[in-house]
Structure formats: structure tokens, C-alpha cells
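All residue numbers for the first sequence refer to the numbering used here, where the first residue is 1 and numbers rise by one.
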Amino acid sequence: MARYLITSALPYINGIKHLGNLAGSMLPADVHARFRRLQGHEVLFICATDEHGTPAELAAAEAGQDVATYCAQQYKIQRDACEGFRLSFDHFGRSSNPPNHRLTQHFCEVLEKNGLIEERVSKQIYSIDDKRFLPDRYVEGTCPVCGFERARGDQCDNCGTLLDPIELKHPRSKISGSTNVEPRDTAHLFLLQPKMQERIRAWVDKATDWPQLARSIAYKWLDEGLIDRSITRDLAWGIKVTQNGQIRPGFENKVFYVWFDAPIEYIGSTVEWSEAGGGDWERWWRTDKGADDVTYVQFMGKDNVAFHTVSFPVTIMGSGEPWKLVDRLKAFNWVTWYGGKFSTSEKRGIFMDQALELLPSDYWRWYLMANAPESSDAAFTLEQFQQTINADLANVFGNFVNRITRFAASKFDSEVPDGGAPGANEAKLADEFAERLKALTQFHEQMEFRKAAAELRAIWVAGNEYLQVAAPWTALKTDRDAAAVGVRTGLNACALFAILAQPFIPDAAKTVLDAIGVPENNRMWPNPDDRGVWDALPRGLKITPPDVLFKKIEETDIAAWSERFGGAGG
RNA sequence: GGGCCCGUAGCUCAAUGGUUAGAGCCGGCCGCUCAUAACGGUCUGGUUACAGGUUCGAGUCCUGUCGGGCCUACCA
Numbered sequence: 001m002a003r004y005l006i007t008s009a010l011p012y013i014n015g016i017k018h019l020g021n022l023a024g025s026m027l028p029a030d031v032h033a034r035f036r037r038l039q040g041h042e043v044l045f046i047c048a049t050d051e052h053g054t055p056a057e058l059a060a061a062e063a064g065q066d067v068a069t070y071c072a073q074q075y076k077i078q079r080d081a082c083e084g085f086r087l088s089f090d091h092f093g094r095s096s097n098p099p100n101h102r103l104t105q106h107f108c109e110v111l112e113k114n115g116l117i118e119e120r121v122s123k124q125i126y127s128i129d130d131k132r133f134l135p136d137r138y139v140e141g142t143c144p145v146c147g148f149e150r151a152r153g154d155q156c157d158n159c160g161t162l163l164d165p166i167e168l169k170h171p172r173s174k175i176s177g178s179t180n181v182e183p184r185d186t187a188h189l190f191l192l193q194p195k196m197q198e199r200i201r202a203w204v205d206k207a208t209d210w211p212q213l214a215r216s217i218a219y220k221w222l223d224e225g226l227i228d229r230s231i232t233r234d235l236a237w238g239i240k241v242t243q244n245g246q247i248r249p250g251f252e253n254k255v256f257y258v259w260f261d262a263p264i265e266y267i268g269s270t271v272e273w274s275e276a277g278g279g280d281w282e283r284w285w286r287t288d289k290g291a292d293d294v295t296y297v298q299f300m301g302k303d304n305v306a307f308h309t310v311s312f313p314v315t316i317m318g319s320g321e322p323w324k325l326v327d328r329l330k331a332f333n334w335v336t337w338y339g340g341k342f343s344t345s346e347k348r349g350i351f352m353d354q355a356l357e358l359l360p361s362d363y364w365r366w367y368l369m370a371n372a373p374e375s376s377d378a379a380f381t382l383e384q385f386q387q388t389i390n391a392d393l394a395n396v397f398g399n400f401v402n403r404i405t406r407f408a409a410s411k412f413d414s415e416v417p418d419g420g421a422p423g424a425n426e427a428k429l430a431d432e433f434a435e436r437l438k439a440l441t442q443f444h445e446q447m448e449f450r451k452a453a454a455e456l457r458a459i460w461v462a463g464n465e466y467l468q469v470a471a472p473w474t475a476l477k478t479d480r481d482a483a484a485v486g487v488r489t490g491l492n493a494c495a496l497f498a499i500l501a502q503p504f505i506p507d508a509a510k511t512v513l514d515a516i517g518v519p520e521n522n523r524m525w526p527n528p529d530d531r532g533v534w535d536a537l538p539r540g541l542k543i544t545p546p547d548v549l550f551k552k553i554e555e556t557d558i559a560a561w562s563e564r565f566g567g568a569g570g
């Protein structure tokens, strides 16, 4: 038994997430966490909302709320949606909660003691009407190079030139449109990342089992050279900047930059879990306090890789303290909506809360994992979704359960029948099952979600193939014992299929396991070499055929949803 | 602009430089009748974006072109 610390990239507080966000970190992290638990390992699965930064303040203002109220409300919405999708976090925290404040301030102070922090004054654009300093991307103006009138403060989208907002001609606030802006001096703390460059590189060099995408992004940053990076911002909402435990002089109106405090919330959320009675958090994070044997696995979208492979490790390693660093890392590409971007404003795509209004979570979980964006972006289309669900869940798995349980109910008095002995058909099924289970287990261990789903599906298909040749309905006419073997094998197959399905479709799996009376403690991940699993259900055990597990998605559903969410045409 | 990734069957995707490029879905045919018009079997389907090159051998390596995506540190 091993110990796994699993984190998913933190969803930003700025509104509910769409299916792409779900598929790119939270859902695969959940599938992996469930798998490791079923293997009997000790798992701690942590997530949280990422609540600081300019967009949160703006979204709150737009909603006519103060930021704290807005975040509290959005947190609840996101937490409920996660529950709806059966994301089995041990704790779903908030980056605005006290533990993250304490930890973030601690890291900064310790980094400063280690000579990795420097205070510098720079010029930033201040919007007088908005009463705030503007992040680079919130300043618009005329590009000094090409004359493009809607250049952003960090880069001109027309000619590609990297800019400093000070350079823009006719600068204006992208928030209010006001041109009443001016450069002002402002002091900020800079993290001297170049001093950590070689230690980070040595660490990445050893991380040979990271995916190619992750390593190439990390090396890109390292090859270009790490730069001193500002870790504070002129904002009101966030974590106060301290020095020796007091507000740092001159930083009364400043907070930490959201990207500095957000990853620290992985630890902060674990502390929240601990304070809520979960257990000892240091045992998971401090290698001097028991975290030595922890395997830390991170899930994230590709946009997040640099921050997890370079920035956050600079913070952690720079502290000089024995914190746990990531061991295994899984990065995803994007799920697209018909090949384009999900877009709230243009009503393209489905968001987590909307999805649950349409169908139970298992439907989405299965599709998004069977088509996970692992090697490249993956297009979500309603038509593909319909085909996949109807074929894999309704026809292959759902109907398998239905046909065998109903047959057992009508011809064998709703019991796991006794009598007969397994023969060639049963041996063939058991052989194939053992081989595929080995592959399935390996795919889960490697976090190859598409391949795992395909293998699981192949196992379900093997069940239907078996029933076709065993044909207990035919055998029953001449040889009741032969039919009994077929039904008994089929019912045990139901149990096994559902057990293996738990990481992907936990609700449906539970329905099946409950219906055929598999006790909670007999639902662990099976061993491929254990042939006893085919006679695991006690003979004579009463079963109850479950209701139809998955209803099919109809053409009329697709038409309606396409209209509502902007399908192929929109 | 720079860097990285991708382009394979109608669709979604596989394939340590090594037999005839595979699988699912879709479509055709056959079988079965326990089951959600479900299941099983079988067949059709390819100039691996394009043009060169290296190699005994290239989907895979190299160069270029076209198309798409991502990153580029102040969106998060």
C-alpha cells in the first residue's frame, strides 16, 4: 500500500467552469484518485477555488457585489457542481481562506531571508477613473510600432511586438474605456528566479517520466532563462504582504500576485482539510514529517504547465524547507466545442451546471474521459457524444447488465444459480478478462485515460460475446445446469464490470453493485491472477434487476441542445 | 516575430524506424431472440496534409510549403 497526494489545477472563481475545464484536470484527477483508492492505497485528493486577482474584482463589480460576497457565492456554485459530477475531493478549499494567507506570507518571508526577494520600484499605468493600477492586459492603446489602435499593454495582436504599457500611445483603460490614465511609480516585490535556475534544471532533468508536453514547456522557460518576477500587485482583494508578521511598510494597499499564492493553496487546502478534522497535513507535505513515501501527482491543463514545473518549484525549493515536490505530472490539451473555443459570451459550449441539468454526471464523465484531450486538442460534438453514450453505456454496458439480470430474474427466481461446472466458454472469458484487466490496470497507473476507457469497453464487449456463445436461453431448454453456469458467470461478470467501471462512472457502478448485492468492502480492484472472482457471488444470493442504467440520447435531444448551446452551425 | 506541438479511414483516435498502417463509431450483409430495435459475426472504407531528402526499409528521422493549436512570464 502506497500513499498518493493528488491535486487538480484550481478552477478560477470567475464563473462556473465549462466541460473543457472539467476534462482537463478535475475529472481525470478524480478518476485517478478513485482508481488508487480501489487499489487499496491511501489517497489524499485536494482541490480549491483560485479566488484572487483582477478578474475576480471585475466580475464582482459587474455583479454589483463586493468581492468577498461574490467569491463566497461562486465558491458554493462551483463546489455544488463538483459534487454533482461526483468529484471525490477529500477537501475542496478556497485560496482566500486563512491557511493560504499564513502559508503565502510564510513563503515570502522565508524566500526573502534566503536572498531571493528584492523590492523594486517601477512605473505602472494607473487609471484615475477606475481608481486602480491596470494589469498590462487591461491597458489598450495604439501600438508604437505598427499603429494598430487596439494593442494590449503586453503585446500588440497585430504585429506581435512585445510591449510595455508605458510605451502605448493614447493609452486607455480596458475596464472603463477611460483615457484618464497616467504612469505612476509603484513598489513591488520581485522573486529572483534566476538564482534558482540551475537547481530547477537539475530537478527537471531527473523528471524523466513527465509527459513530453510538460518537459518541453519547462525546458523552454529554462533555456530562455528565468527572469526576476514580480509577485505582488496593487489590488485590495488578496493576501496582504507582510514582513516579520506585520504589514510590510509601503505595501498597505498591495497583495500577493494571484499566481504566487494560488499553487500554495494546494498546501493551504490540505491545512483546511486538517483543521476540519481530516488528519495530519504535514504527513502529506513535509518530507521531514512523514511525506517521504508520498507520491505527489498533479493534474493540469497545458496552459498551467510552466507554473507547476518552474514557478511553483522555485517557491518551494527556494524556501530551503523540506516540502514535497511533484513526482508525477499529467497535462492535458483542450476540449474544444466543435473545433472552436468554448465561449460564455457567444453561448458556445456547455458549462458544468448546465450539463447536469441535461443528463446525470456519468454520461459526461464517460465521454470526456473516453475522449480525453491527451495527445492534442479534442473536439466535443453533441453528435459524437450521443453516439458514444448510446453505444458504450446504453448498448454495451447497460444492456449487458439488463439482459443477464432480467434473464436471471425470470428464469432463475432472481437468484445466483447453483449447479453445473464452468467449461471452455467460461475459460475463454476468464482468460480474456485477465489479460485485459492487466492492461486496464496499467493504463490507469500510467494515467492513459483514453486507453483505459477503451480497454474497459473491450471488457464489457467480451461479456456480450460470452453470452452470445454460452446462450443460457438456449441451454435452458435442454440442460438447466449449463444455463445455470451461463447465468452465474454473467452475474459475476456484472459485478466485475461494475467494479472496474467505478473510477469512470461511479453512480451507475454503484447501482449495479447494489442491485446484485455486492457488499461495499468487496468492491476493490481485482487481481488479474485471481480466478476466484468468477464464483465470488454466493450461490442462492437474491438479486434485483436494476432499472435501465442509461437511457439513450435521442435525435430530438441533440436538436434541442444544439439550438440551446450553439451546435455545428453556431 | 521566436519556440513547441499537431495534421493518419466519412467521424474520433492508435501504431519502440521493421510483415499487408490498426480500433471504435457510422454504413452494407449474416446470425441470435435473454435484453434498452439491444447483442454477436463479417465486409466495405487509406496517395498517413503536400513536395523533396536520409535509409536495405519512413506515418515515424531531416528540409521546405500549406493548414490548425499552444506558450511567450501582468488573463488566470
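Just so it is clear, CB atoms sit at the ideal spot from N, CA and C, and this is done for glycine as well. Since the model is a prediction, treat every value here as computed from it, not as a measurement.
Evaluate residue i with the Cβ neighbour count: other Cβ atoms within 10 Å of its Cβ, from every protein chain shown; 16 or more gives buried, anything less gives exposed.
{"i": "residue 14", "result": "buried"}
{"i": "residue 59", "result": "buried"}
{"i": "residue 74", "result": "buried"}
{"i": "residue 419", "result": "exposed"}
{"i": "residue 227", "result": "exposed"}
{"i": "residue 447", "result": "buried"}
{"i": "residue 20", "result": "buried"}
{"i": "residue 205", "result": "exposed"}
Might you give, ordered along the chain, the residues of its own chain that have their beta carbon closer than 6 Å to the beta carbon of residue i, omitting 5 neighbours on each side?
{"i": "residue 241", "result": "232, 248, 251, 254"}
{"i": "residue 136", "result": "153, 154, 165"}
{"i": "residue 63", "result": "70"}
{"i": "residue 444", "result": "35, 452"}
{"i": "residue 570", "result": "Unreliable positioning characterises residue 570 in this predicted model, as indicated by a pLDDT of 42, which lies under 50. The coordinate reading is nonetheless provided below. Cβ within range, chain order: n/a, list empty."}
{"i": "residue 362", "result": "505, 507, 508"}
{"i": "residue 545", "result": "405, 406, 409"}
{"i": "residue 329", "result": "210, 214, 298"}
{"i": "residue 528", "result": "434, 437, 438"}
{"i": "residue 105", "result": "242"}
On the three-state DSSP scale, how would you describe residue i?
{"i": "residue 266", "result": "helix"}
{"i": "residue 298", "result": "strand"}
{"i": "residue 208", "result": "coil"}
{"i": "residue 188", "result": "strand"}
{"i": "residue 92", "result": "strand"}
{"i": "residue 166", "result": "helix"}
{"i": "residue 374", "result": "coil"}
{"i": "residue 251", "result": "coil"}
{"i": "residue 609", "result": "In this structure the chain extends from 1 to 570, so residue 609 is not present and cannot be described."}
{"i": "residue 198", "result": "helix"}
{"i": "residue 257", "result": "coil"}
{"i": "residue 82", "result": "helix"}
{"i": "residue 361", "result": "helix"}
{"i": "residue 242", "result": "strand"}
{"i": "residue 276", "result": "coil"}
{"i": "residue 178", "result": "coil"}
{"i": "residue 570", "result": "Any reading at residue 570 must be qualified, since the residue scores a pLDDT of 42, below 50, and its modelled position is unreliable; the value itself is stated next. Residue 570: coil per DSSP, three-state reduction."}
{"i": "residue 473", "result": "helix"}
{"i": "residue 554", "result": "coil"}
{"i": "residue 306", "result": "helix"}
{"i": "residue 351", "result": "strand"}
{"i": "residue 232", "result": "strand"}
{"i": "residue 237", "result": "coil"}
{"i": "residue 457", "result": "helix"}
Bridge partners for residue i per DSSP, in chain order?
{"i": "residue 183", "result": "125"}
{"i": "residue 47", "result": "92"}
{"i": "residue 281", "result": "DSSP lists no partner for residue 281."}
{"i": "residue 332", "result": "301"}
{"i": "residue 8", "result": "299"}
{"i": "residue 117", "result": "191"}
{"i": "residue 172", "result": "140"}
{"i": "residue 444", "result": "Paired residues: none, contrary to the question."}
{"i": "residue 337", "result": "340, 380"}
{"i": "residue 42", "result": "3"}
Take residue i and list the residues in its own chain whose beta-carbon comes closer than 8 Å to its own, dropping the five residues that flank it on each side.
{"i": "residue 436", "result": "455, 458, 459, 462"}
{"i": "residue 225", "result": "194, 197"}
{"i": "residue 499", "result": "38, 509, 513, 518, 523, 524, 525, 526"}
Less than 7 Å between C-beta atoms, sequence neighbours within five positions excluded: which residues of the same chain meet that for residue i?
{"i": "residue 518", "result": "495"}
{"i": "residue 279", "result": "none"}
Review point. Are at least three pairs of beta-carbons, each pair with one atom in the segment 482-491 and one in the segment 417-435, less than 8 Å apart?
Key: The segment 482-491 makes contact with the segment 417-435: 3 or more CB pairs, one atom from each, lie closer than 8 Å.
Practice item. Specify whether the segment 529-540 and the segment 39-48 touch according to this definition: at least 3 beta carbon pairs, one from each stretch, less than 8 Å apart. Key: Here the segment 529-540 makes no contact with the segment 39-48; the two share fewer than three CB pairs at distances below 8 Å.
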